[in-house]
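Protein chains in written order, with this note's numbering: chain L, 1 to 316; chain B, 1001 to 1316. Below: the structure, in structure tokens.
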């Protein structure tokens, strides 16, 4: 590759913004597209595809055959893994080490909101009512983190600062030393049974799809709290709804859902103790994502190892 | 002292609970009182007074003359320092190292509530509205902590886990090495000018009374946030109200007030971006406070140095 190799930026919004940024760094053949039609029209000769929600079937067409590297603009690549349109020789990379800070801030904001019962303080303030109460603390509680990548590691750091016990479950086991107890993929029931909080940050793969089902949820303490910032399909959503309706679980903090946007007819919106946000826990600021893309482009150009290369066998 | 020395527990509520706990540890002369009348009636021969809001003028009466040690049940002792009824020879101690965890959880809960705009997410959920937005992060922000005792140190630990810059102001300077920049008591204006968040945990003394006045507040960035979990009188409350009314400061998170309970007529209740809680950020659970009292009793009995002895000259 050289700076004249053709790069396409595809994302439903702001593609041109990133294209501009890359052009300013000296790349001379950069195009942007925001719709499938535009993508098809401009795809010819593209070597590098930086994309979010790209219409992957286009890669089977003659115009798509020159793509050698697909850089996802997000952390999760389950959509790319499910696709059968990406030839084996194409390198796939994702964004890593960008979301740990923001996503763990989201997690602790929501947990503290629940445990400190800030809603109660807000209501009291509206009534000008002075009624102190004792809040529950994170200190001393046990958080179980499923997924010990760069996001999990930031969550561990914060949990330690809150004097929590930290258990972890991961498929590779390579970060086992960071947690007080480590569990493998066959040990979900043991993993969850003593947790006060279960935090899901796993990638979605064939192995993790609906891994948190009724049995796992019922094995959790009735007072435990579920937090999902990974992917909606990690949880069997219908079974979660059933379990919540029985009064099991203290809270479910959900940023991701099986179908997004979450349908207006989903009972989750109105179930007590369910806290819903619209897949926003891991925002990429344009500046940081732009820097990340440029840095990976430089690596590609120099033949250095890319950041966040996906192991297509493992699925993440 | 021996286990037969007379101990009085005085607190408007739950005095008998602590008295019981101490009796169970083998102390044979323990009484409790919850009203000034009861205190006066039972005070005779008391050597150790463990108290919260005790009617201090009783110490000037003959029945109060045997008191040698006053253990406060809280962290702040400004009421004891203001009193002229406590003879110089009486040892005063306060509770230390108990509140850092809970109070710093309060601080981060409230800050994250503001910066993550959880109120907005709550409103959106009620409307079943899926509208992602980018939240502001603590990461990269600068927090200035005024007061670097055991509570300040826990706040520092958490701020570090959130990847914040940490400045500190303290009177002794002995914890200066824990912060990125340290300021002394004559450097308030320099201290506050670059802060995103000013956290007040100072004890109330003649030196710190109304130290955060209009000038200090106006020297802060208009987008900065004030958090007071120390004492209400650290802040000139009327001046804070004036400053907030001009739109200066992004938020004021207040757990303590000049007069408590906060009067229903205070404008603070209704000012936008003011978050009020009723002096509850540092709750002592009965268990932990009980253990602390027993541990200090053992030290007293053995002639060991007490925890939390107050330097009456410094005022804390």
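Glycine included, each C-beta is placed from N, C-alpha and C at the ideal position.
Contact with chain B is found for residue 125(L), since one of that chain's Cβ atoms lies less than 7 Å from the residue's Cβ. Not a single CB atom of chain B sits nearer than 7 Å to the CB of residue 296(L). Collapsing the DSSP output to three states places residue 1233(B) in a helix. Not one beta carbon of chain B lies nearer than 7 Å to the beta carbon of residue 74(L). For the C-beta of residue 1121(B), the chain L residues within less than 7 Å are, from N- to C-terminus, 277. Contact between the segment 174 to 181 of chain L and the segment 115 to 127 of chain L is absent: fewer than 3 CB-CB pairs across the two stretches fall below 8 Å.
Between residue 1130(B) and chain L, the shortest Cβ-Cβ separation is below 7 Å. A straight line joining the alpha-carbon of residue 1187(B) with that of residue 1106(B) spans about 27 Å. Assignment of residue 1298(B) by DSSP, reduced to helix, strand and coil, places it in the helix class.
From the beta-carbon of residue 1101(B), the residues of chain L found nearer than 7 Å are 137, 139, 163.
Inter-segment contact for the segment 1187 to 1207 of chain B and the segment 1069 to 1080 of chain B is present: three or more beta-carbon pairs are separated by less than 8 Å. With a contact defined as Cβ atoms closer than 8 Å, residue 68(L) and residue 90(L) qualify at about 6 Å. Leaving aside the five residues that flank residue 1039(B) on each side, the residues in its chain whose CB is nearer than 8 Å to its CB run, in chain order, 1008, 1010, 1033, 1054, 1055, 1058.
A direct Cα-to-Cα measurement between residue 285(L) and residue 93(L) gives close to 19 Å.
The segment 251 to 263 of chain L and the segment 135 to 147 of chain L do not touch, with fewer than 3 CB-CB distances between them shorter than 8 Å. Pairwise C-beta distances place the segment 147 to 155 of chain L in contact with the segment 98 to 105 of chain L, as three or more of them are shorter than 8 Å. When only Cα atoms are considered, residue 171(L) and residue 266(L) end up about 31 Å apart. For residue 15(L), there are no neighbours in chain B by C-beta distance under 8 Å, as the nearest C-beta there is about 18 Å away. Residue 1236(B) is classed as buried because its beta carbon has at least 16 other beta carbons within 10 Å across all chains shown.
Fewer than three Cβ pairs drawn from the segment 274 to 288 of chain L and the segment 299 to 316 of chain L lie within less than 8 Å of each other, which leaves the two stretches out of contact. Using a Cβ-Cβ cut-off of 7 Å, residue 251(L) does not count as an interface residue toward chain B, since no Cβ of chain B sits closer than that to its own. Under DSSP, residue 167(L) forms a beta bridge with 144(L), 181(L). Pairing residue 199(L) with residue 243(L) gives a Cβ-Cβ distance that is not under 7 Å. In terms of beta-carbon proximity, residue 112(L) lines the interface with chain B, with at least one pair separated by less than 7 Å.
Annotated three-state conformation of residue 52(L) is coil, per DSSP. At least one C-beta of chain B is nearer than 7 Å to the C-beta of residue 264(L).
At a C-beta separation below 7 Å, residue 1269(B) has these neighbours in chain L: 125, 128.
In the three-state scheme derived from DSSP, where H, G and I count as helix and E and B as strand, residue 156(L) is classed as helix.
Among the CB atoms of chain B, one or more fall inside 7 Å of the CB of residue 280(L). At the C-beta level, residue 66(L) and residue 47(L) come within 7 Å of one another. Apart from the 5 residues on each side of it in sequence, residue 85(L) sits with its Cβ closer than 6 Å to the Cβ of 56, 57, 59, 60 in its chain, given in chain order. Not one beta carbon of chain L lies nearer than 7 Å to the beta carbon of residue 1071(B). In this structure, residue 95(L) keeps its C-beta atom at 7 Å or more from the C-beta atom of residue 316(L). In the displayed model, residue 1086(B) falls within coil according to three-state DSSP, outside both helix and strand.
Under the three-state reduction of DSSP output, residue 259(L) falls in the coil class, being neither helix nor strand.
Scanning 1087(B), 1211(B), 1168(B), 1241(B) for the CA closest to the CA of residue 1194(B) turns up 1168(B).
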